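One rule links them: number in the working numbering = place in the sequence shown (from 1) + 16. Backbone N, C-alpha and C fix where the C-beta goes; we use that ideal spot for every residue, glycine too. Computed from a predicted model, the values in this text were never measured in an experiment. Since the structure comes first, as structure tokens, the remarks are kept for the end.
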Amino acid sequence: MRTSLHLPSEAGGAFTAVSQSATQLSPWTGLAVFAGYLVALITAAAWRLQSQDA
Numbered sequence: 017m018r019t020s021l022h023l024p025s026e027a028g029g030a031f032t033a034v035s036q037s038a039t040q041l042s043p044w045t046g047l048a049v050f051a052g053y054l055v056a057l058i059t060a061a062a063w064r065l066q067s068q069d070a
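Encoded structure:
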């Protein structure tokens, strides 16, 4: 399994792809990976804002 499949651009591309290839993530898996990146980014940003704004 290629680890580059789990980068945000590849995961988002898998979700929005019109046709699937054997080397891409499935649409729902791509959405889950992309959503995981979003949750991690928003959590880190909220933590940083709270710790620096205090």
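Please report how far the alpha carbon of residue i lies from the alpha carbon of residue j, in whole angstroms.
i, j, result
"A30", "A62", "28 Å"
"V55", "S67", "18 Å"
"T39", "H22", "12 Å"
"Y53", "R64", "16 Å"
"T32", "A60", "26 Å"
Looking at the structure shown, is residue i part of a helix, part of a strand, or coil, going by DSSP?
i, result
"Q40", "coil"
"L23", "coil"
In chain order, what residues of the same chain lie with their CB nearer than 8 Å to the CB of residue i, ignoring the 5 residues before and after it?
i, result
"S20", "E26"
Taking buried to mean at least 16 other C-beta atoms within 10 Å of its own C-beta, is residue i buried or exposed?
i, result
"G46", "buried"
Can you name, in chain order, every residue of its own chain whose Cβ lies under 6 Å from the Cβ of residue i, other than the five neighbours on each side?
i, result
"I58", "none"
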